[in-house]
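Chains as they are written, first to last, in the numbering used here: chain A, 4 to 275; chain B, 40 to 910.
Okay, structure first, notes after.
If you want it as structure tokens, here you go:
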């Protein structure tokens with residue numbers, strides 16, 4: 004059984020997966036695997052991007068999203084004409100000839116991975132490029148995986164990815180659909196800042212920075228680096244933290260830091 | 040299930056868009072039923088076994104990096120099918136409807152009036168007739184040939200310069216000399232510190248990647264985006280190298296106004312500097328090193344000249360202004376504590392600096408000053424020593440291949456006949472020349488223009504001390520310009536003050552403009568006759584992918600993928616059609632050689648027969664160069680000079696790093712913009728573009744402009760699939776896809792601008808419409824718009840809808856004695872465009888808003904065809 008794996012720590016946001024998918028499926032008719040994808044607006048694999056933090060503590064995280072080829076796929080269950088099926092290799096296919104265009108699968112897919120083609124009156128989604136895997140000996144992986152310049156996106160037999168899967172998450176676990184797309188390095192919230200001494204106009208190096216989760220009492224510690232920077236990168240969503248900064252006899256406390264979003268606190272003065 | 044056919048055949052391409060004979064970002068193109076079915080990375084192992092090809096490997100901390108066994112093309116390369124089949128392709132030869140060579144030429148209507156279809160024969164007759172008439176009336180130098188710049192990777196059919204071959208054979212022509220538009224500061228500045236280099240970039244640069252991996256603790260990406268600019272040349276190996284730096288603990292510090300695409304994922308530290316203020320930051324670093332004694336004094340004593348003069352200036356002995364971090368902070372917007380921290384890290388850690396063209400660093404007013412200061416910074420830390428280099432990151436510096444002659448810049452081995460087209464892009468080889476930055480001045484000015492140095496890419500340092508005049512004397516056949524033949528032109532959107540370019544192209548003095556290009560875009564709209572060129576998919580050719588920054592050099596025969604679109608012909612064939620109208624010219628142009636003859640010749644020039652037979656190359660379609668067995672012995676960068684400055688001098692007058700240039704001091708004693716030592720230049724009679732200027736009251740933002748992530752300069756603005764990404768275009772409320780203008784939320788709020796609003800970016804030189812993209816990825820005080828968007832005039836010379844930001848760049852060159860261009864670091868204001876203002880433009884310029892527009896791809900070819908373009 005096949006799986007897709009995505010390591011977000013290696014995704015450079017080039018969008019080539021999204022584009023290779025379009026290159027394969029727009030204007031090309033691969034019936035019985037898929038009819039052509041519309042030129043724009045559908046993303047059988049689509050990259051989302053999130054700009055995080057505040058100047059000058061900013062990161063961008065890119066996340067490719069695609070059909071999860073679920074083992075408990077609601078689309079298969081819900082399809083009234085049995086147009087959607089799971090192959091022996093785990094890939095879920097919408098038969099473009101059998102599909103009657105009722106849209107139920109597109110409306111109910113918990114992962115928003117099914118698109119509706121108004122012109123052809125059919126539902127469409129990722130096919131795992133099975134038309135290539137089945138018919139062309141040159142191909143062992145789908146287009147999106149073949150082009151990935153950093154190997155952030157991979158595809159293969161589940162057992163060959165055992166180690167990856169043991170450390171991975173799925174993107175929408177509450178749906179409970181037994182997804183076959185596994186993610187590593189899904190972002191946690193960060194809080195960062197630059198600590199400086201306003202009198203000396205110098206960054207403060209080696210200050211102890213302590214983040215305390217107001218609710219759970221959990222404590223994270225970091226030290227400021229040679230740029231006076233601290234980065235807490237592994238914080239939980241939607242918590243309130245109290246940050247304490249200490250160096251020698253000086254200290255400073257910033258309370259009420261919410262992790263509803265990633266936060267760059269900018270340049271923080273601390274009288275020494 | 041019945042088997043299905045996935046392709047009929049596979050052909051090879053270099054999917055980069057650098058051109059100049061050189062390839063990169065290779066790919067495989069699958070064709071089915073006469074159409075391109077897919078474009079994918081090249082599997083180097085398609086017809087070779089990996090174990091038969093010697094490859095390199097580099098190592099640090101037990102972790103290795105090596106070339107991937109397939110190419111790593113960027114998104115526009117993989118989406119190039121959309122470019123080939125673009126609704127903007129020119130389908131047939133055309134003539135401007137109100138241009139009559141025997142009557143009214145209506146040159147004032149260029150850029151406004153539409154086109155009618157003519158036959159190839161008619162078009163060739165018209166062009167040949169005009170050439171004959173202009174030669175007779177004014178002499179051959181009255182024809183300006185603009186045939187330079189980047190483009191598709193082809194050799195026989197290279198997209199630029201073929202008209203120059205015919206015009207040369209007909210007597211000669213005036214050559215537009217392309218300035219090093221992405222390397223300005225290096226060319227006009229760094230050359231005077233460390234010698235010729237590669238257009239001023241540090242060169243030789245052999246093995247600096249290996250040496251940096253093994254020895255550097257930190258790399259400063261200074262105005263460099265390794266996740267953008269390499270894509271059009273060698274693909275995405277720079278991305279892998281950056282991830283590898285992280286893996287082995289080499290710190291990556293980004294100094295740039297924007298959190299660029301590299302910084303957004305790789306930066307250990309982002310230092311947002313105001314555009315074109317890097318010189319202040321650099322001077323403060325030198326100040327710190329001098330006052331704290333943290334530079335390599337021994338090296339400076341033995342390897343450099345002029346440190347005393349630099350120190351006097353930096354410490355304020357010359358002008359009573361010590362260049363302290365506090366002083367610099369006011370100019371560059373970086374807090375003094377961060378400047379000090381950077382200076383100490385730079386001194387403490389073994390540090391290299393990386394660039395890859397463009398960015399906010401090297402294209403501003405007085406760009407030679409930050410360039411020279413960078414040479415001084417590196418010199419003060421022992422340039423050429425272990426881990427101390429300047430990188431053109433993955434453009435140079437990877438291991439040498441076996442059997443490969445030149446990897447310098449393009450292929451110097453290719454000999455004259457085939458080299459002639461590209462010669463026009465790199466060399467000032469005609470008698471009468473005009474720097475590309477001065478084209479509009481040359482057309483619009485009644486007085487002769489003078490300049491020091493042509494700006495030709497292959498010109499030696501010496502050329503910067505030679506004075507040229509246009510036109511040359513009448514007795515030497517000098518003439519003003521009365522006709523232009525331009526190929527794949529994009530001056531309006533990629534060079535200086537494009538609004539003025541538009542007005543110059545409407546001049547009645549220029550009686551005929553001929554353009555050839557696959558797409559109806561940019562300067563083509565100002566032509567009187569347009570020839571439809573085709574793309575690399577439609578021709579047979581041969582391409583060498585051998586630049587020293589390519590991870591796996593190779594050479595490939597690029598078999599035609601599809602038949603030409605419409606009536607298009609290759610760039611070489613377009614010119615041949617005109618050559619046929621002149622006795623004997625077709626024969627002189629072709630020398631009776633077939634495409635295969637030429638492919639073989641080029642293979643021969645490469646010394647290919649020594650490596651593999653022509654038959655084997657033909658059979659496999661490509662050849663992979665193995666890494667040279669002794670590649671690790673090539674001294675990295677300036678290592679020989681580092682070890683032995685007397686025995687292995689640089690090619691500067693003193694043989695040393697010239698922090699102070701006696702040559703500049705002598706030749707230009709009154710030059711206040713580029714003096715003998717680099718300085719902070721607040722303003723000059725050429726440029727008044729600082730936040731301290733009175734102009735900043737009206738135009739309080741500094742513009743940052745890079746080579747676009749989704750384009751290569753002007754190429755690929757019409758690809759529907761990249762236009763869907765959030766940073767390629769912003770869809771306005773009117774459905775038009777505008778070029779994004781990045782603004783920090785604080786700047787947007789001050790102006791009542793919301794995400795997705797149509798905004799105008801403007802200064803005295805005009806208005807450019809854009810779509811607001813509000814983001815923490817750019818610092819306050821900055822408006823960020825990439826150059827190269829497709830020109831779409833609302834009012835010629837004044838209002839631009841397509842987002843071609845370079846229409847409002849300063850007209851003046853880099854500085855008095857440097858004919859470089861300004862591509863960023865100038866003042867603008869940004870405002871929301873009100874409904875009333877837009878309505879007024881719609882009323883005043885109805886034809887501009889009536890052009891046929893494809894919501895996904897943008898402007899269409901038929902928007903400019905009589906009876907074809909009205910909605």
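Glycine residues also receive a C-beta, built at the ideal position from the N, C-alpha and C atoms.
Being a predicted model, the structure only gives us computed values, none of them experimental.
Beta-carbon neighbours of residue 275 of chain B, restricted to chain A and to distances below 9 Å: Neighbours of residue 275 of chain B across chain A, judged by C-beta separation under 9 Å: 15, 17, 19, 152 and 153.
Contact belief for residue 328 of chain B with residue 419 of chain B at Cβ below 8 Å, rounded distance in angstroms: 6 Å
Under 7 Å by beta carbon: chain B residues contacting residue 124 of chain A: What residue 124 of chain A touches in chain B: nothing, since even the nearest Cβ is about 21 Å away.
Nearest candidate by alpha-carbon position, reference residue 110 of chain A, set A:260, A:203, A:41 and A:126: A:126
DSSP bridge partner residues for residue 70 of chain B (one or two, in chain order): In the DSSP output, where bridge partners are listed per residue, residue 70 of chain B has B:48 and B:75.
Contacts around residue 446 of chain B, its chain only, beta-carbon distance under 8 Å, and the 5 residues preceding and following it disregarded: Caution applies to residue 446 of chain B, whose pLDDT of 49 falls short of 50 and renders its modelled position unreliable; the model cannot decide the point.
Given residue 60 of chain A as reference, the closest of A:143, A:234, A:262 and A:47 once Cα atoms are compared: A:234
Other residues of its chain near residue 448 of chain B: CB distance less than 7 Å, five sequence neighbours each side excluded: Summary for residue 448 of chain B: the model assigns pLDDT 49, below 50, so the residue's position carries little reliability, and this model does not support an answer.
Neighbouring residues, chain A, relative to residue 76 of chain B (Cβ below 7 Å): 31
Beta-carbon proximity of residue 64 of chain B to residue 271 of chain B, cut-off 9 Å: yes
CB contact check: residue 50 of chain B to chain A, cutoff 9 Å: Chain A contact via Cβ: absent.
Buried or exposed (CB count within 10 angstroms, at least 16 for buried), residue 15 of chain A: The residue in question, residue 15 of chain A, is buried, as its Cβ has 16 or more Cβ neighbours within 10 Å.
Span of the beta strand (DSSP E) around residue 821 of chain B: 821 to 823
Chain-ordered residues of the stretch 33 to 65 of chain A with a beta carbon less than 7 Å from chain B: 33, 35, 42, 43, 52, 54, 56, 57, 58, 59, 61, 62 and 63
Whole runs of the beta strand (DSSP E) within the stretch 308 to 377 of chain B, excluding any shorter than 3 residues: 308 to 310
Residue 233 of chain A - partner residues in DSSP beta bridges: A:196
Neighbour list for residue 376 of chain B in chain A, Cβ cutoff strictly below 7 Å: Near residue 376 of chain B (Cβ distances below 7 Å), the residues of chain A are 199, 204, 205, 206 and 231.
Residue 629 of chain B and residue 640 of chain B closer than 9 Å at C-beta: The beta carbons of residue 629 of chain B and residue 640 of chain B sit no closer together than 9 Å.
Contact set for residue 298 of chain B: own chain, Cβ-Cβ below 8 Å, skip 5 residues either direction: 306, 309, 311, 815, 816 and 817
Per-residue contacts from residue 282 of chain B into chain A (C-beta, under 7 Å): Under the 7 Å cutoff, chain A gives 13 and 153.
Inter-residue Cα distance where the pair is residue 404 of chain B and residue 57 of chain A: 29 Å
Three-state secondary structure assigned by DSSP to residue 162 of chain A: In the three-state reduction of the DSSP assignment, residue 162 of chain A falls in the helix class, which pools H, G and I.
Residue 148 of chain A versus residue 155 of chain A - alpha carbon distance: 8 Å
Start-end ranges of the beta strand (DSSP E) lying completely within the stretch 112 to 143 of chain A, minimum 3 residues: 118 to 120 and 125 to 127
Chain A residues whose Cβ lies nearer than 7 Å to that of residue 308 of chain B: 230 and 232
Secondary structure of residue 655 of chain B, DSSP reduced to three states: helix
Chain B contact for residue 81 of chain A (CB, 9 Å cutoff): no
Assumed close pair residue 847 of chain B, residue 880 of chain B - CB separation to whole angstroms, cut-off 8 Å: Wrong, their Cβ atoms sit about 17 Å apart, outside the cutoff.
Partner residues on chain A for residue 816 of chain B, Cβ-Cβ distance less than 8 Å: 54, 61 and 63
beta-carbon residue 100 of chain B near the ligand MN non-hydrogen atom, thresh 8 Å: The model on display carries no ligand, and the ligand MN is accordingly not part of it.
Those runs of the alpha helix (DSSP H) which lie wholly inside the stretch 146 to 195 of chain B and span at least 4 residues: 159 to 177
Where residue 461 of chain B falls: helix, strand or coil (DSSP): Residue state, collapsed to three classes: helix.
Contacts of residue 149 of chain A in chain B (Cβ-Cβ under 7 Å): Here the neighbours are 79 and 80.
Chain-ordered residues of the stretch 315 to 341 of chain B with a beta carbon less than 7 Å from chain A: Listed by position, the residues of the stretch 315 to 341 of chain B near chain A (Cβ gap below 7 Å) amount to none.
Beta-carbon proximity list for residue 138 of chain B, same chain, < 7 Å, skipping 5 on both sides: So the list reads 144, 145 and 567, once near-sequence residues are dropped.
According to DSSP, residues forming a beta bridge with residue 645 of chain B: In the DSSP output, where bridge partners are listed per residue, residue 645 of chain B has none listed.
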